[in-house]
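Residue numbers (the working numbering), protein chains in the order written: chain A, 60 to 372; chain B, 60 to 372; chain C, 60 to 372; chain D, 60 to 372.
Built from N, CA and C at the ideal position, the CB exists for glycine as well.
Encoded as structure tokens, the structure appears first; notes follow it.
4 protein chains.
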Amino acid sequence: MDESLAVTSPGHGLRSLLTGAEPCQIMGVYNGLSARIATAAGFPALWASGLCMSTALGVRDSDEATWSELLAVVETMTANTPAPVLVDADTGYGNFNTARRFSIKAERVGVAGICIEDKIFPKMNSFVGDDHRLAPVGEFCGKIAACKDAQNDDGFVVVARVEALIAGRSVAEALDRADRYREAGADAIFIHSRQSTVEQIADFARQWGGRAPLVIAPTTYYATSLEEFGRLGINGVIWANQTLRAEVAAVRDACSRILQSGGVAAIEAEITPLKEIFALMRYEELEAEELRYADVGAHLAARPVPASAGDAL
Amino acid sequence: MDESLAVTSPGHGLRSLLTGAEPCQIMGVYNGLSARIATAAGFPALWASGLCMSTALGVRDSDEATWSELLAVVETMTANTPAPVLVDADTGYGNFNTARRFSIKAERVGVAGICIEDKIFPKMNSFVGDDHRLAPVGEFCGKIAACKDAQNDDGFVVVARVEALIAGRSVAEALDRADRYREAGADAIFIHSRQSTVEQIADFARQWGGRAPLVIAPTTYYATSLEEFGRLGINGVIWANQTLRAEVAAVRDACSRILQSGGVAAIEAEITPLKEIFALMRYEELEAEELRYADVGAHLAARPVPASAGDAL
Amino acid sequence: MDESLAVTSPGHGLRSLLTGAEPCQIMGVYNGLSARIATAAGFPALWASGLCMSTALGVRDSDEATWSELLAVVETMTANTPAPVLVDADTGYGNFNTARRFSIKAERVGVAGICIEDKIFPKMNSFVGDDHRLAPVGEFCGKIAACKDAQNDDGFVVVARVEALIAGRSVAEALDRADRYREAGADAIFIHSRQSTVEQIADFARQWGGRAPLVIAPTTYYATSLEEFGRLGINGVIWANQTLRAEVAAVRDACSRILQSGGVAAIEAEITPLKEIFALMRYEELEAEELRYADVGAHLAARPVPASAGDAL
Amino acid sequence: MDESLAVTSPGHGLRSLLTGAEPCQIMGVYNGLSARIATAAGFPALWASGLCMSTALGVRDSDEATWSELLAVVETMTANTPAPVLVDADTGYGNFNTARRFSIKAERVGVAGICIEDKIFPKMNSFVGDDHRLAPVGEFCGKIAACKDAQNDDGFVVVARVEALIAGRSVAEALDRADRYREAGADAIFIHSRQSTVEQIADFARQWGGRAPLVIAPTTYYATSLEEFGRLGINGVIWANQTLRAEVAAVRDACSRILQSGGVAAIEAEITPLKEIFALMRYEELEAEELRYADVGAHLAARPVPASAGDAL
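What follows is the structure, encoded as structure tokens:
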């Protein structure tokens, strides 16, 4: 590995990806294991999805989990990947002060940046219902500024997520909000849409004109190609919840077939063997280290010991 | 629902299942979401697997996670299922005192019982390597007795897991250990084997002769049918890690295909739609409750208020 | 101890204290140790103070700690006292849903009840500044109702804290709010004042006329006697922060004197000996239990063992 | 502050203190608040005491708290002090792997170093009872080496605590163990004694001859002066539990007097006023920041907004 890369902070790593020639694919994950799998698959960056983390914890994506519970999950991700992790900060969990406390702690657990959205706490997932109230612009800019002022590493990234289109506002308002957030210090803009086609996003992107990196999560308008997103000027594409949805489908299917058949024989060939899971989690490293560390002083212990030395020696 | 069932503790529920006419299928899960899926599929009881919880957290099944971290995960399970949860307690995390502290806290977070194994802390997963040292019988009996003496609900279950066969000892020693654990207070015996066929377990079960309920995890000898396990006198069959393995296979596949194709179009039809996940997590209940609780006092607020009442009213 | 008391839930215990002939003294505590000390001193009930818990954690009483962090502290209290614990729930940490999630989890960790106040999240400590905005009555009633509907034990107590006087509103508004909260389901009213004399509280209490139990925290109007509070119809008196303030004074003094003198000789006679701390924490119990549980199966182990039995036996 | 100091890691800061001309006074603390108080008093370094943290949590110093629970406490300390914190790692909580996991996480939460002792897990506090079994030298050296190999910052300190004298072994054995630990990578030696006079420690220190920095905790032999410790070659003096003992004495006294008198009037003048606690915790900073961040975009919001902009703007 290049020495210069070794000292790059996660934030600088993410910045580099968001300013590349092509859109960066950012994989949504929900725990340490999915972070490891996505990294092994080759994704250069990860999205710690609020929806996915909440669902994995068995709660709803309406700020039912506290931010400290979520960061405990995020910490298991950064321990399992060298890739930069962008963490979903929802609305910042209250005011400028809770937002920056989250941000400070997030940076400490090793993420590359946070993404904060301009809705009201407690928020509801953007794909559920139509009651998505937006935060006053000035108040939201305060949260952005507070997080930026509090960062330790100068590469740390604060992404402002614009929910105007989700709330049924115009592209013009979305652009105005995005620009104000940029002025308040946001390093990138996440423009969110839940339309089934790309037009709305395309309209925004063209008018935005590259004032700052643009990130999207094409959960509903997934038919558009990565190349097309690139041509529109999108810098990062977040696959926000597909790992979770693949998990749910697979676990549902496994449970159903096991219960009905009274056994696992029918699915055994389809599921990952334990030995591959042990390889993924590097059990062989632990076994090697046991040999290395189990008795480091053995050769030293061979030296004559004082008469009083007892059983433990 | 039968009124008498409503007041049954999780422990009594598990006892009832382990003394039924047929073997009870117990599904291994690793977080709140998988607990909810397994319950929805119809499993009557769940196994909070140490291997699976550890892997989901991104650590190895060698006591890398602390017991308080594991119980935080278990708490997300009991909040997501009415089914009794049996929690993997590994070796009890130290001595009789840490074992009972774990057990007390486990009961408080709502599990039906714990399962403690007779290896040395920190232990290694039973399917990894050959260095599986067994605890002295007297010391292990002390852990069982301490947990039993500390339980609050009289239905709470302490299962003793015998690792003698994993450690390469004889069936005779396994039987002797099992009986001593039963005498020390264990409510059931988990006899573990990693052979690819059922003979070893069958031999044990026949000689055991129903002295206490028997539980197994046929991860390697899965070809045997549930009916055959029933004929052998097995009371509970734990499918210990198949949900996790189904998850890993699915998430790996999804990651690989998304990254390669630069999009999710190819997998969209195979993964669970978001709306099904929202249904699984009962988002509609939250929306209904918002209407119910958002402004309870509205009719009261219509009463005349004192002159000093300000903006908030 | 009376047998009938032994099966009383914490909530019923607190209800009984709040309906006694004389005002109940409720001691504010901040962690497991202070809960144990206050219990040993004889206090019949404890107040898990948000200010004190926050300060002990090194954060400010402005919702800087998350509710899950606070409940982890509260859990160390209930593990250290048989006395009912009333826990400060601030404003409920968001909306009706976060409030009831807090309440459900609080009940699970063993508290007798919660106390929720009618300010806006994130709130500021009532003794700091003058910017204390009140919640709309209807919204706050919704939080109360949601917590009441979610309780498991029928004795669980929800106290509504009226901050109208803190916010500079009239006694009339405070009375009106209190009554609406009572109608919404509150089991008791905490009427808060930061005046240096009792008049405001006395005015409120007389007009309230015992419609529901009344609780106060006379931090500033401490000169009034307990008897006088009783005559006014007060049912519970919370000494909200004096343990913390005694702690700060003592630790400051100790630190200063140790650093200056370069030693502890000067303070040794004034501080609690270690052996008293070991007695307070019942170390002798642990030592006795070590003898009891360390080798339970020793007598069993004396039985002949199978030929294959190895080192562990 | 000197610019060069600003970029010094906590570990380098502690190293500097342990190699100064005079013994460094290290204050034992138990949570974020006590860390803040000790820092304000002027202590240059802090000791995150296992006994004190455990007691504050309401558990016994016999590994009743898990290491993840303890590090959550330690994190509140490092957030409240710029002084280097040395954290008590007990025996490393299992084997080389748990020890290094603790060490890695401890470094991540910002401590200067860890101190690991050569007893058997679960250990008992060194001042309680006589059953203090020592770890085999080779195994303990493996823990030290594993922690050293895992550190990220090259200044991070691993202190090896020698319990030979506590276990009744000779000074010769203590010296031999200390030297082996030093060879295995320990950066300093904590030699522990519970004699009431300094002779044993003095004997050790003279023979040790400065092979590596020496740290002590003169809980029982406190009559010796700091100057004398300096002459003996001691580099760091830990006042391990006096803050906790001062706290217990003060809280006990406050509780007793309040309950008896039915009020706080008698102690009000002796305890720290709330306003001093607010000053200690920098509430004025939060109020100033509220003005700064509450509405950052206000001036921006004055710009004309698109026609579709609604209530939120």
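| query | result |
| --- | --- |
| Classification of B/SER185 by the beta-carbon crowding that lies within 10 angstroms, buried from 16 upward | buried |
| Close beta carbons around A/ARG362, own chain, < 7 Å, minus the five adjacent residues each side | Confidence at A/ARG362 is low in this model, with a pLDDT of 46, below 50, so its placement is unreliable and the value that follows should be read with caution. Correct list: empty, nothing qualifies. |
| Within the segment 265-295 of chain C, ranges of the alpha helix (DSSP H) (whole runs, at least 4 residues) | 285-291 |
| Any chain D beta carbon closer than 8 Å to C/GLN301 | yes |
| A/ASN211 versus D/ARG167: straight-line alpha-carbon distance, rounded | 14 Å |
| Under 8 Å between C-beta atoms of B/CYS314 and A/ALA97 | yes |
| Touching by the beta-carbon criterion (3+ pairs, under 8 Å), the segment 292-310 of chain C and the segment 69-81 of chain C | yes |
| The segment 160-177 of chain D contacting the segment 123-140 of chain D, beta-carbon criterion three pairs below 8 Å | yes |
| Rounded C-alpha distance that separates B/PRO365 from C/LEU234 | Note that B/PRO365 scores a pLDDT of 43, beneath 50, so its modelled location is shaky and nothing firm can be said. |
| Selected residue, minimal CA-CA separation from A/ALA219, among A/GLY72, A/ILE275 and A/HIS191 | A/ILE275 |
| Buried or exposed (CB count within 10 angstroms, at least 16 for buried), A/SER252 | buried |
| Sub-8 Å separation of A/ARG236 and B/ILE336 beta-carbons | no |
| Opening and closing residue of the alpha helix (DSSP H) in which B/LEU92 lies | 91-100 |
| Contact with chain D by B/THR157, beta-carbon distance below 8 Å | yes |
| Short Cβ contact (8 Å threshold) for B/GLY289 with A/GLN84 | no |
| Chain-ordered residues of the segment 76-95 of chain C with a beta carbon less than 8 Å from chain D | GLN84, MET86, ASN90, GLY91, LEU92, SER93, ALA94 and ARG95 |
| Pairwise C-alpha distance: C/PRO195 and B/LEU372 | In this prediction, B/LEU372 scores a pLDDT of 30, lower than 50, which makes its location untrustworthy; the coordinate-derived value is nonetheless stated afterwards. About 5 Å. |
| C-alpha gap between A/ALA171 and D/TYR152, whole angstroms | 31 Å |
| Of the residues A/ILE225, A/ALA231, A/GLY201 and A/SER68, the one placed nearest A/TRP267, counting alpha carbons only | A/ALA231 |
| Separation of C/GLY87 from D/SER284, as counted between CA atoms | 39 Å |
| Near-chain C residues of the segment 334-354 of chain B - C-beta to any C-beta below 9 Å | LEU345, GLU348, GLU349, ARG351, TYR352, ALA353 and ASP354 |
| Extent of the continuous beta strand (DSSP E) to which A/ASP147 belongs | 144-147 |
| Test item: CB-CB of B/ALA243 and B/ILE203 under 8 Å | yes |
| Chain A contacts from the segment 176-209 of chain C (Cβ-Cβ distance under 9 Å) | PHE180 and PRO181 |
| Below-8 Å beta-carbon distance, D/ALA243 vs any chain A residue | yes |
| Residue environment, B/GLU286, which counts as buried when at least 16 other CB atoms sit within 10 Å | exposed |
| A/ALA226, buried or exposed, once every other Cβ within 10 Å from all chains shown has been counted against 16 | buried |
| Beta carbon proximity, C/VAL323 to chain D, threshold 8 Å | yes |
| A/ASP122: contacting residues in chain C (beta-carbon distance under 7 Å) | GLY153 and THR157 |
| Presumed contact (8 Å Cβ cut-off) between C/TYR281 and D/VAL310, rounded CB distance | Actually they are not in contact, since the Cβ atoms of C/TYR281 and D/VAL310 sit about 18 Å apart, beyond 8 Å. |
| Neighbour-count burial assignment, B/GLU198, 16 or more Cβ in a 10 Å radius | buried |
| Inter-residue CB distance, A/ASP177 and A/GLU222 (contact presumed, cutoff 8 Å) | 5 Å |
| The beta strand (DSSP E) enclosing C/LEU193, as first and last residue numbers | Segment: none, C/LEU193 is in no beta strand (DSSP E) and carries neither H nor E. |
| Below-8 Å beta-carbon distance, D/THR125 vs any chain B residue | yes |
| Test: A/ARG160 CB closer than 8 Å to a CB of chain C | yes |
| Identified DSSP bridge partners for B/TRP298 | B/MET86 |
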